[in-house]
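Single-structure report; data block below.
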Amino acid sequence: MTMLTFFKHQQPELWGSIGPKAITRVVKAMCDVVDLETLLPKTPVTCGRVTLHPRQTFYPVDYTQSKKFFTKNGGKRFKKFPVSQ
Numbered sequence: 001m002t003m004l005t006f007f008k009h010q011q012p013e014l015w016g017s018i019g020p021k022a023i024t025r026v027v028k029a030m031c032d033v034v035d036l037e038t039l040l041p042k043t044p045v046t047c048g049r050v051t052l053h054p055r056q057t058f059y060p061v062d063y064t065q066s067k068k069f070f071t072k073n074g075g076k077r078f079k080k081f082p083v084s085q
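1 is the number of the first residue of the sequence shown in full-length UniProt numbering; add one for each residue after it.
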């Protein structure tokens, strides 16, 4: 399914057309949803042979907050990170 999506939707002038965007199209089709955010509560969701994890699993700190870690005593401002179980 992914390779067919790559073939049908490749746009050489558009970065990511056969990378992240292609994977997103395939997962949306597999899970029969329009918006992946509707699938991602706080626990993993499995659609077919793919398990989707909430964004926080891989990015516990939003990228806009990451610079705070590298300022003097910056890490003290963050709460303890939630641990996935």
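For glycine and all other residues, C-beta sits at the position ideal for the given N, C-alpha and C.
Quiz item: Quick one: Cα of Phe58 to Cα of Leu52, how far?
Solution: 11 angstroms
Self-check item: With 16 other Cβ atoms within 10 Å as the buried cut-off, status of Val61
Solution: exposed
Quiz prompt | Whole runs of the alpha helix (DSSP H) within the UniProt domain "Alpha 1,4-glycosyltransferase" (3-73), excluding any shorter than 4 residues | solution = 20-31, 55-58
Quiz item: Straight-line CA distance for Gln11 to Thr24?
Solution: 15 angstroms
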